[in-house]
Each structure stands twice: as C-alpha cells, then as structure tokens.
Amino acid sequence: MNIEQLDNLLRDIHSVRVAVAGDFCLDAYWILQPGGSEVSVETGLAAQAVQRHYYNPGGAGNIVANLAALAPGSIQAIGVLGPDIFGAELLRKLAALGVDASALVIQPDGFDTYTFAKRILDGAEQPRIDFGFTNRRIPQTNDRVFEHIRAALLSADILVFNQQIPGSLDDDRFISRLDALFAEHPGRKILFDSRHYGDRFAPVIRKCNLREAARLNGADIPEDHPLPLPAVESYARRLFKRSGRPVFITLGSRGILVFDGSACTHILAVPLTNKQLDPVGAGDTTLSALALALAAGRSPADAARFAVLAAGVTVQKLYQTGTANPDEILTLARQSPIL
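No gaps in the numbering here: position 211 of the sequence shown is 210 in numbering that gives the first Met the number 0, and each next residue is one more.
Quick look at the structure:
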C-alpha cells in the first residue's frame, strides 16, 4: 500500500456504513483532591474529594470513537444500557460523535450501564470501582438486540461484534441464535472480537490477540509470549478452517498475522522512535481500522497494513485511550519505511 492507495482508502471510508454490536461502557475518571475532604459527622470517617471528573466512551464505545475519528458514512451502535446517569452520559457522548444510538436498548430493571470509575490520587490510579458486573439481560432485551443485529446485517457494509465484559453473553439461546444468524448470511462481513465467547461463534472474520488465538486452539501461553511465527500461522490456519473467513492475529510490537485462506501474511508494526508508548486502546483502534478497510473493499492484508498505521498513531498518545484521524495516519505513513 503506497501513499496514493492509502489516501484513496481514507476517502472511500467516508461512504462506509458500519454497525457495532457489543458491550458499551463508560470510562469515568475521578481526579481526587490529595488533601481529602471533611471528616463525616455521621461516620467519623475522612471523606475523599473529587477535584475534577470526566467521562469517555469505553468498551464498544471506544471502538465507535475510533471509527468516528475516520469519518465513515454512518455508525450504528447496538447494545444494552441501564436507566441511569452513566447511560445518559454515554448517550450524550455518542450523540456528540454523530452515532446512531437508536438500537441501544434501555433495560429498565436489573441492568446498570457498564462503567469503570478510575480514581486517580497524586497521579496514581487507585482501586477501580466497577458498575454493571452483576447485570443480567432479560429475554426481552436479548430479543430486541437480536432483531437490531439482524437488521444491521442487511443494511450495514460491515458489522463489528465486540465482547469484553465477563458474563455479558450469559444466554445460550441468544448465542446459538446469533451464530445461526451469522451462518445464514455468508456474504455479509462480520468482524468478530470476543474475550470470553470466541469458541461459540464460527462463521465470522476473526480478530484476536495471540493469547486468545492460543486458547481457541486449546493452548495456554503467558502474556507477551514470543511464539515463533510458524506456530502463530498454524493457529490462524486452524481458526480459518473452522470459519472459512479471514483471521487476524495481533502480535503487539510484532504487528499482525493475517490468513485469508490462500496466503499467510505477516504485517510488521510501524517502527516508532518514541521511547515511551502506551498500548492501552490499541486493540480497539486496530479493530476499527480493519473494519473500515474491509468494508471499503480492501484485501485482508491491506486492511492489516492500514490497521498497523492507525495503531501506530494511538500508541504514541500517552495516558489516554486515543484515536487516529486521517491526517495523523498519513503523517505516520510518510515517515514509515514499511509502505
């Protein structure tokens, strides 16, 4: 992929219609006052004081933010929220990104918007406070989500399915129906990324990291294990055999290995001169870039080339879950020897 081809891709993305189904979350940042607050008269305990607070879309919401940074034709969000202040804030953030949130189902009872409250004291993150980890989606909610996904399969150029929260897909009937739905539409593009249910879905374009790929192949390896590329290739080939769809295995600083059924291609990561990098959110950036390039008609290998460029932008943004816009990607591409 040369600069002209990259520029054409970035233009083609403007006409892409993408739907994202998954675990929509809110990241809350509460910056605490080091001196604390008053001592409670009622309990005698010293209270903490929040000096500043701000909120960003997380989980599938961060994927949407990454998509929005590249300005596709339309973005639809499909998922579940609670009837709470965190859900209202997430909807406000998505509206500001121009996202169609009409397929985000509000479950009235038994569901809190997934929220990760990150308390920061003197620059150090304190134990996180999580909301929504006892959620249970009722059958009516799952039925509505299923119908929204069915409709999106027919209207969008690509469906991104992203699952990150433990237990967020706790209904075997829903999983079976969804897998069958995907099988009914072999011509539709479904890009799938799941931390906990990857073995339950077959007819999908799969994006996973190396550890997830190993688990799907019955192996368990440590984080950042430098598995030789031939072994990674064998994982990709076996995963393709199950799905008949392209497989992308992300390898961190080693880039992406992609198998499209005929060829296995190793796309190197962009060499970066910065000594300090922040990989948080790079997986979401990669997933978003892959989705847009595939939806714009690019080959799996070229989609991976685009994804390593986008991820190369975001890992240089420290202490934030960053995104990559077209100008940033083009600037990095002009400096990169891998194109």
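Glycine is no exception: its CB is placed at the ideal position from the N, C-alpha and C atoms.
Distance, Cα to Cα, Arg91 vs Gly186?
-> Position 92 of the sequence shown, counted from the start, is the residue given in the question as residue 91. Position 187 of the sequence shown, counted from the start, is the residue given in the question as residue 186. For Arg91 and Gly186, the distance between alpha carbons rounds to 34 Å.
Does the count of Cβ pairs from the stretch 148–160 and the stretch 105–116 closer than 8 Å reach three?
-> Taking 8 Å as the limit for Cβ pairs, the verdict is that the stretch 105–116 does not touch the stretch 148–160.
Alpha carbon to alpha carbon, how far is Val38 from Gly251? Give it in angstroms, no decimals.
-> By one-based count along the sequence shown, residue 251 stands at place 252. By one-based count along the sequence shown, residue 38 stands at place 39. Rounded to the nearest angstrom, the gap between the Cα atoms of Gly251 and Val38 is 47 Å.
Would you report the Cα separation of Leu158 and Val279, rounded to the nearest angstrom?
-> For the purposes of this step, residue 158 is taken as residue 159 along the sequence shown, with counting starting at 1. For the purposes of this step, residue 279 is taken as residue 280 along the sequence shown, with counting starting at 1. Rounded to the nearest angstrom, the gap between the Cα atoms of Leu158 and Val279 is 23 Å.
What's the gap between the Cα of Thr330 and the Cα of Gly43?
-> On the sequence shown, position 331 is the one that residue 330 refers to. On the sequence shown, position 44 is the one that residue 43 refers to. Per the coordinates, the alpha-carbon of Thr330 lies some 56 Å from the alpha-carbon of Gly43.
Please specify which runs of the beta strand (DSSP E), each continuous and at least 3 residues long, are wholly inside the stretch 173–260, giving them in chain order.
-> 189–193, 204–208, 246–249, 255–258, all fully within the stretch 173–260.
Who pairs with Ser36 in a beta bridge, going by DSSP?
-> Within the sequence shown, the letter at position 37 stands for residue 36. In DSSP, Ser36 forms no bridge with anything.
Can you give the Cα-Cα distance for Ile266 and Pro227, rounded to whole angstroms?
-> Mapped onto the sequence shown, residue 266 falls at position 267. Mapped onto the sequence shown, residue 227 falls at position 228. Using only the alpha carbons, I get a separation of about 15 Å.
Identify the continuous beta strand (DSSP E) that holds Leu66 and give its terminal residues.
-> Along the sequence shown, read from residue 1 onward, the residue named residue 66 stands at position 67. Looking at the DSSP string, Leu66 is not in any beta strand (DSSP E); the run it does join, the alpha helix (DSSP H), is 59–68.
Count the other CB atoms within 10 Å of the CB of Gly311; is the residue buried (16 or more) or exposed (fewer)?
-> As a position in the sequence shown, residue 311 is number 312, starting the count at 1. A buried status is given to Gly311, since no fewer than 16 other beta-carbon atoms sit within 10 Å of its beta-carbon.
How would you write the range of the beta strand (DSSP E) that Lys92 sits in, first residue to last?
-> Here residue 92 corresponds to residue number 93 of the sequence shown, with the count starting at 1. Taken as a continuous stretch (DSSP letters only), Lys92 belongs to no beta strand (DSSP E), being part of the alpha helix (DSSP H) at 84–95.
For Gln4, the three-state DSSP class (helix, strand or coil) = The residue given as residue 4 occupies position 5 in the sequence shown. Note: Gln4 maps to helix in three-state DSSP.
Could you spell out the range, first to last residue, of the beta strand (DSSP E) harbouring Ser73?
-> Here residue 73 corresponds to residue number 74 of the sequence shown, with the count starting at 1. Annotation for Ser73: the continuous beta strand (DSSP E) segment containing it runs 73–80.
Quick one: Cα of Phe23 to Cα of Pro56, how far?
-> Here residue 23 is taken as the residue at index 24 of the sequence shown, counted from 1. Here residue 56 is taken as the residue at index 57 of the sequence shown, counted from 1. If you draw a straight line from the Cα of Phe23 to the Cα of Pro56, it comes to about 8 Å.
Would the stretch 192–203 and the stretch 176–183 be scored as touching if the rule is three or more Cβ pairs under 8 Å?
-> Flag = yes, the stretch 192–203 and the stretch 176–183 touch.
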